[in-house]
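Here the sequence shown stands for residues 3 to 248, numbered as in this note's numbering. By construction, the Cβ of each residue, glycine as well, lies at the ideal position given by its N, Cα and C atoms.
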Amino acid sequence: MADRIASRNPDYGLDAPKLVHSFVVAGCVLLVVGVALAFVSTGWLATVGNIAWSFGVVFLIEAALMTWSSRYGKLRARDRLLDGLGLTGGEHLLDVGCGRGLLPIGAARRLPDGRAVGIDLWSQVDLSDNNASATLANAAAEGVRDRIDVHAGDMRELPFPDAGFDAVVANLSIHNIYSVEGRREAIMEIVRVLKPGGQVALMDIRHVREYAAGLREGGMNEVEVSGLSFWIFPPVRTVTAGKPRK
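In C-alpha cells form, the structure reads like this:
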C-alpha cells in the first residue's frame, strides 16, 4: 500500500530533448514556409513548397512520437522488461545508466525485500533535467525511496564488487558510449558484477547484437536478442542472458 502513495507525480523526463526540440522547430518552420510557397507560388517554387511542408509534417510526427515514447511508451517497455526477469522480491538489481530512475524504481516496486541501485553520469543531452536528485525525488513519489540507491559513475568502471547483483539492466544507455571498445568494457563490467545464476536485460536502439556477442564472450549463456518493440521510438530490441552457476 505504501508503494502507491506519492507526494507528487513522478517525472521520468524527455528522452533526447535537444533532438525533439530541433524536430519541433524545424517542422514548424518547414510547414509554414512550405505551405506559403505551395499556395502562393507556381512552378518549381510550388514544388519546393510541397516538399518542404511534407518534411515539416514528418519532423513534427517524429517529435510527437518521441514525446509519446518518453511520457508513456517507455513505461510499458520498462514493465515488459522487468516482467521478463521474473523477480521474486528479494533480489539486488543494478541499472547502468539509470537516468531519472525509470528502471530501478520500477524494479524497487517489485522488491519489497530487495534493493535497486542505479548508476549514471547524468548527461543532459540524453534526458531532460537528468540528475541524481530527480531520481531520488521520483523514488520518493513512487514510495520506494528506502529501497533505492544511486551512484555517480562510469559503467565502464563500475564501483561495485564482483558478483554483487542478482540482475543487471540498462535502457537506452550503453549506446551513448561511442567506441566499440568502450561498449565492450561496459558489457564485461556488467558480467563481472553479476552473481552466478543472475540475469541481464539490456534494451537499446542500436548495437544490441554487439552486446549479445560481448555477453557470449564474457561466458554468459542463453543469450537472446528480441524482436523490435515499438513502445519506444525509435524502436528498441532487448538482449537477455544468464550467468552460469558455478
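Answer yes or no: do residue i and residue j have a C-beta to C-beta separation smaller than 7 Å?
i, j, result
"Gly29", "Leu67", "no"
"Asn173", "Leu105", "yes"
"Gly116", "Glu144", "no"
"Val170", "Leu129", "no"
"Gly216", "Ile189", "yes"
"Gly208", "Gly184", "Going by the sequence as given, residue 208 is Arg instead of Gly. It is not a contact, given that the beta carbons lie outside the stated cut-off."
"Gly120", "Asp148", "no"
"Ala79", "Ile234", "yes"
"Ala54", "Gly75", "no"
"Gly139", "Ile150", "Note that residue 139 corresponds to Ala in the displayed sequence, not to Gly. No, the pair does not count as a contact, with Cβ atoms beyond the cut-off."
"Thr137", "Gly103", "yes"
"Ala134", "Val152", "yes"
Once DSSP output is grouped into helix, strand and coil, what is the label at residue i?
i, result
"Met205", "strand"
"Ala243", "strand"
"Leu39", "helix"
"Pro198", "strand"
"Gly120", "strand"
"Ser228", "coil"
"Val250", "Given that the chain is displayed from residue 3 to residue 248, the structure contains no residue 250 and the question cannot be resolved."
"Asn11", "coil"
Apply the 10 Å Cβ neighbour rule to residue i and answer buried if 16 or more other Cβ atoms are within range, or exposed otherwise.
i, result
"Asp81", "exposed"
"Gly221", "exposed"
"Leu232", "Strictly speaking, residue 232 in this sequence is Phe, with Leu absent from that position. Phe232 is exposed by the Cβ-count criterion."
"Tyr180", "exposed"
"Leu204", "buried"
"Asp131", "exposed"
"Ser175", "buried"
"Glu239", "With the sequence shown as reference, residue 239 is identified as Arg, and Glu is not the correct amino acid for it. Arg239 comes out buried."
"Ser24", "exposed"
"Val27", "exposed"
"Pro161", "exposed"
"Phe167", "buried"
"Trp124", "buried"
"Pro12", "buried"
"Asp5", "At Asp5, the pLDDT of 40 sits below 50, so the modelled position is not reliable; the number obtained from the coordinates is stated separately. Exposed, since its Cβ has fewer than 16 Cβ neighbours within 10 Å."
"Met3", "Unreliable placement is indicated for Met3, whose pLDDT of 34 sits below 50; the coordinate value is still reported in the next sentence. Its Cβ having fewer than 16 others within 10 Å, Met3 is exposed."
"Val31", "exposed"
"Gly45", "exposed"
"Ala8", "The pLDDT assigned to Ala8 is 40, lower than 50, so where the model puts this residue is not dependable, and the model offers no usable value."
Give the C-beta separation of residue i and residue j to the nearest angstrom, bearing in mind that I take them to be a contact with Cβ-Cβ under 8 Å.
i, j, result
"Thr95", "Leu113", "Note that residue 95 is Leu in the sequence shown here, rather than Thr. Correct: roughly 7 Å between the Cβ atoms."
"Gly2", "Glu224", "Residue 2 is absent from the structure shown; the chain starts at 3 and stops at 248."
"Val59", "Leu39", "About 15 Å; that fails the 8 Å criterion."
"Leu15", "Gly101", "Checking the sequence shown, residue 15 turns out to be Gly, not Leu. That belief holds up - the Cβ atoms of Gly15 and Gly101 are roughly 7 Å apart, short of 8 Å."
"Val22", "Ala65", "5 Å"
"Thr242", "Glu219", "Wrong, their Cβ atoms sit about 16 Å apart, outside the cutoff."
"Ser72", "Asp17", "5 Å"
Is residue i close to chain B, meaning its C-beta is less than 7 Å from at least one C-beta of that chain?
i, result
"Asn173", "Structure shown: chain B not included; a single protein chain is present."
Quick one: complete alpha helix (DSSP H) runs, 4+ long, within the region 80-114? 104-110
Which runs of the beta strand (DSSP E) spanning at least 3 residues fall entirely within the region 130-193, listed in chain order? 150-154, 167-173
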